[in-house]
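In terms of mature numbering (1 follows the signal peptide of the UniProt record, and there is no 0), the sequence shown is residues -22 to -1, 1 to 154.
C-beta atoms are modelled at their ideal positions from N, C-alpha and C, and glycine is treated no differently.
Quick caveat, the model's predicted, so the values are computed rather than measured.
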Amino acid sequence: MKLNALAIATLIALGTTSASHAADQGSGTITFTGSIIEAPCSVSHENSDQTVDLGQVSNVSLANGGKSQPRQFNIMLENCALTTKKTVTTTFTGPAGNSDRVGIAGTAKGASIAIVDGTYNLIKLGTPSVAQALQDGNNNLSFAAYLQGDKDEDDKDLPIVPGEFQAVVNFGLNYL
């Protein structure tokens, strides 16, 4: 009888040890976030928050209102079910810069960011883009951005100050 009690106690101790080892092999928390929107399309999670790297731009290329190379970016729309609303406009909002462009923050000065549509027409900050036709299923809204040298009220070049810059812009979609 004592042997059985000892065997049971040993098995319980070994089982507890195995369970504690299994619990220490890694753990964590997963948080799921999102939102339900009233719209005919979903914005792809890959494009709802993105970074567009405009690169290292020479101050010389921005002189006299010069421009950097445009960098493409897209807003992907998924699972569009178009019953009545078949077009969409995009409005970009953010810090105001020179000539309806996006203002930059940081140590760099004398330039601002232009956002253009797929045909390279400037989209003025706070103004809806030209409506783009949609189709059922997935859609790709194409845009580009570039840095441009600024001018003052008298159309004189502002000095280009080298340094780091950034700008945060929000976008809103309006289905028509």
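Going by Cα to Cα distance, which pick from the options is closest to residue i?
| i | options | result |
| --- | --- | --- |
| residue 27 | 53, 116, 84 and 86 | 53 |
| residue 57 | 85, 21, 122 and 45 | 21 |
| residue 42 | 122, 135 and 152 | 135 |
| residue 65 | 119, 15, 132 and 5 | 119 |
| residue 101 | 61, 115 and 150 | 150 |
| residue 17 | 63, 103, 10 and 75 | 63 |
| residue 140 | 15, 86 and 59 | 86 |
| residue 152 | 95, 80, 106 and 8 | 106 |
| residue 142 | 110, 50, 5 and 36 | 36 |
| residue 34 | 132, 15 and 144 | 144 |
| residue 25 | 50, 4 and 7 | 50 |
Which of the three DSSP states, helix, strand or coil, is assigned to residue i?
| i | result |
| --- | --- |
| residue 56 | strand |
| residue 44 | coil |
| residue 135 | strand |
| residue 20 | strand |
Per DSSP, which one or two residues make a beta bridge with residue i?
| i | result |
| --- | --- |
| residue 122 | 50 and 94 |
| residue 110 | 66 |
| residue 154 | Looking at the DSSP assignment, residue 154 forms no beta bridge with any residue, so it has no partner. |
| residue 84 | 143 |
| residue 127 | 89 |
| residue 116 | Its beta-bridge partners do not exist; DSSP assigns none. |
Let's see if you can read the secondary structure: which residues bound the alpha helix (DSSP H) around residue i?
| i | result |
| --- | --- |
| residue 37 | 37 to 40 |
| residue 99 | Where residue 99 is concerned, there is no enclosing alpha helix (DSSP H), given that its DSSP letter is neither H nor E. |
| residue 24 | 23 to 26 |
What does the Cβ neighbour count give for residue i, buried or exposed, with the cut at 16 atoms within 10 Å?
| i | result |
| --- | --- |
| residue 88 | buried |
| residue 128 | buried |
| residue 124 | buried |
| residue 90 | buried |
| residue 38 | exposed |
| residue 47 | exposed |
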